[in-house]
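The opening residue of the sequence shown carries number 42 in the working numbering; numbering runs sequentially from there.
See below for the structure under consideration.
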Amino acid sequence: MMKLDSRATKKTQKQEGAHYTPAGLAEFVARHLAAVCDAPHPRVLDPAVGDGELLLAFGKAFERDCTLNGFDLDEVAVENAATRLLAELPEHTGKVLRQDFLDFALEHRDDSLFSTPASYDVVIANPPYVRTQVMGAARSQLLAQQFDLGGRVDLSFAFIQGIADVLREGGVAGIIVSNRFMTTKAGSQVRERILSRFEILHIWDFGDTKLFEAAVLPAVLLVRKRHQVDQPNPRFTSIYSTAEPPVHHATTVYEALSNGSGAVAVSGTTFLVQHGILNHGDAPNGTWRIATESGDTWLDTVLQHTFCTFGEIGKIRVGVKTTADKVFVRKDWTALPEEMRPELLRPLITHHAARRFKSLPADRQILYTHEDRAGKKAVIDLATYPRSRCYLESHRATLEARTYVIESGRQWYEIWVPQHPALWPVPKLVFPDITESPTFWMSLDGEVINGDCYWLAAEDRTDNDLLWLALAVGNSRFIESFYDHAFNNKLYAGRRRFMTQYVEKFPLPSPDLAVSREIVSLTRRIHELTPGAEADALAATIDRLVESAFGLAEKALG
């Protein structure tokens, strides 16, 4: 594989989403793709050929004549790939061209007036992984229009559409993608397109195996261009690091996948391998997860004991976003003379204060420029707060540089996303976006919540028991298992993303159960005692009680 050394090359590589395929992964994809190819002399395409690793791997795995073709926009990559193919597989024909695959694919679209018939039997691909904010709005909008995509377009989404356009009916593809699309809202449309245009043969989620240098968690899709309405349940295999003791040993991640389900030790790291089928719920754009017999039985038990979800308690919101934190948020307000200190300071909770059950004290304050006025959010009148006005005026140039604030009809000194001032004084369940283990806490002191955290206030202000019950469930080992069974979206080092789309689906047992009432009582006590050994001991008790509330006390986790 080509070695990329210079800083400039690495920067360009990141911007273009070019993460060249490791030889082991290329061999894995090629081997499985060759096994399902039914063309005697297939025409093969790699639409983003890079250093040619995937084409080389397929040519070696197929062991018969095939035509190997590749596209890439990088002239050096094209030359290197062509040289490698000629040197290592001189008997195979084909060309590597400097060409934009997406332009080529548009000529093969079914809805194109002058469309060219699809002609490739095999596509093997590691499409560029470039998100909207990196591509830029203009390119993103053009791709969305050309390939009929909506929302946050990723370049790889357009490649997947293009692969379907150039592949003949019954042709097969092996596609390496980021696994993010399987579980995010942004990926919902491409999930639906894949199901409508391909028959999925097998999915491998390689999780946190660190196959790439970049922080991308890869998945491999083995698909066939649809030629039937119904398809059998697609196979789904996942591999993620685990703390479980290993029951198998393997020399590589790929070898680990050939064993049965269970914990496998690979070069000092233990991974949990699971084999099951794809489950996407009742909707064609539903979240993709691995379904196993034990896992589905576990989830069925949870569902039978679920009273409501976190999202049914109240709306989950992200915290405030000032878009000028250096002006609005400070730790050193007290360094200002009292006569210059703004009147509108409020304690601000950020992810730095995150702690289970009860956060660390707020170590910074925010100059909060909104108030509740007759039940509605309103910007404050600066004339009423002379010290705040003086401070903000001293930073007026910085704040007015946020032209989007003024152009949207807002005051120059407003916080861009202030959320709801009336809700800051009420009890709130708060949690950060990314953590190794669930970290939920209760805010009772009227803190403003920063944009690096999410929060939930109960719609029913008269009874907070459900909120305290949610605090217990959110911090339990049960919710880790539920997350992994229902969403299966871990990041590196076992970290998980606690976004709205996941947390709103977290289950709660009935608050009327005796065990639930005990959980609420203990959770309030933990909040009082945190931090301390007694609080930690009670948290372990709550773990057992939560499992009991969901009918799992006697069930092994699948």
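C-beta: ideal position from N, C-alpha, C; glycine also.
Three-way DSSP call (helix, strand, coil) for residue i in this model
i	result
residue 310	strand
residue 58	Residue confidence for residue 58 is low, a pLDDT of 45 falling below 50, so the modelled location carries little weight; the figure read from the coordinates is stated next. Coil, per DSSP.
residue 290	strand
residue 537	strand
residue 102	helix
residue 181	helix
residue 33	A question about residue 33 goes unanswered here, because the residues of the chain that appear run from 42 up to 599.
residue 584	helix
residue 133	coil
residue 208	strand
residue 315	strand
residue 579	helix
residue 626	Nothing about residue 626 can be reported from this structure: the residues present for the chain run from 42 to 599 only.
residue 117	helix
residue 145	helix
residue 3	Beyond the ends of the chain as shown, which are 42 and 599, falls residue 3; an answer cannot be given.
residue 573	coil
residue 94	helix
residue 303	strand
residue 265	strand
residue 154	Low confidence applies to residue 154: its pLDDT is 44, below 50, so where it sits in the model is not reliable enough to give any reading.
residue 296	helix
residue 590	helix
residue 188	coil
residue 400	coil
residue 284	coil
residue 80	coil
residue 452	coil
residue 200	helix
residue 543	helix
Where the alpha helix (DSSP H) through residue i begins and ends
i	result
residue 347	Note, residue 347: premise wrong, no alpha helix (DSSP H); not H, not E.
residue 558	555 to 570
residue 84	Run containing residue 84: none in the alpha helix (DSSP H); it sits in the beta strand (DSSP E), 84 to 87.
residue 525	518 to 527
residue 478	First-last for residue 478: undefined, no H or E at that position.
residue 509	506 to 515
Endpoints, the beta strand (DSSP E) within which residue i is located
i	result
residue 110	108 to 113
residue 195	It is not in any beta strand (DSSP E) - residue 195 carries neither H nor E in the DSSP assignment.
residue 485	Per DSSP, residue 485 belongs to no beta strand (DSSP E) and is neither H nor E.
residue 408	405 to 408
residue 77	That residue, residue 77, is in no beta strand (DSSP E); its alpha helix (DSSP H) goes 64 to 77.
residue 162	161 to 166
For residue i: DSSP bridge partner residues
i	result
residue 246	260, 279
residue 458	362
residue 472	495
residue 274	The partner list for residue 274 (beta bridge, DSSP) is empty, contrary to what the question assumes.
residue 548	350
residue 21	With the chain covering only 42 through 599, there is no way to say anything about residue 21.
residue 355	Answer is none; residue 355 lacks a bridge partner.
residue 128	In the DSSP output, where bridge partners are listed per residue, residue 128 has none listed.
residue 239	266
residue 490	390
residue 531	537
residue 214	164, 264
Proximity winner among the options, relative to residue i (alpha-carbon distances)
i	options	result
residue 369	411, 378, 397	411
residue 136	170, 93, 104, 317	93
residue 592	542, 527, 519, 571	519
residue 508	498, 301, 440	498
residue 76	91, 100, 64, 456	100
residue 170	363, 550, 220, 67	220
residue 244	329, 161, 195	329
residue 197	217, 144, 532, 588	217
residue 539	336, 193, 494, 551	494
residue 453	364, 391, 114, 116	364
residue 62	251, 207, 200	251
residue 665	257, 358, 121	Past the edges of the chain, shown from 42 to 599, lies residue 665, and the structure says nothing about it.
residue 277	292, 319, 297, 291	319
residue 81	69, 108, 64	108
Any non-hydrogen atom of the ligand FMN closer than 7 Å to residue i Cβ
i	result
residue 526	No copy of the ligand FMN occurs in the structure displayed, which carries no ligand at all.
field: Unbroken stretches of the beta strand (DSSP E), 3 residues or longer, contained in the segment 411 to 450
entry: 411 to 414, 417 to 420
field: Contained beta strand (DSSP E) runs [length at least 3] in the segment 358 to 397, N- to C-terminal order
entry: 386 to 390
field: Within the segment 318 to 345, ranges of the beta strand (DSSP E) (whole runs, at least 3 residues)
entry: 330 to 332
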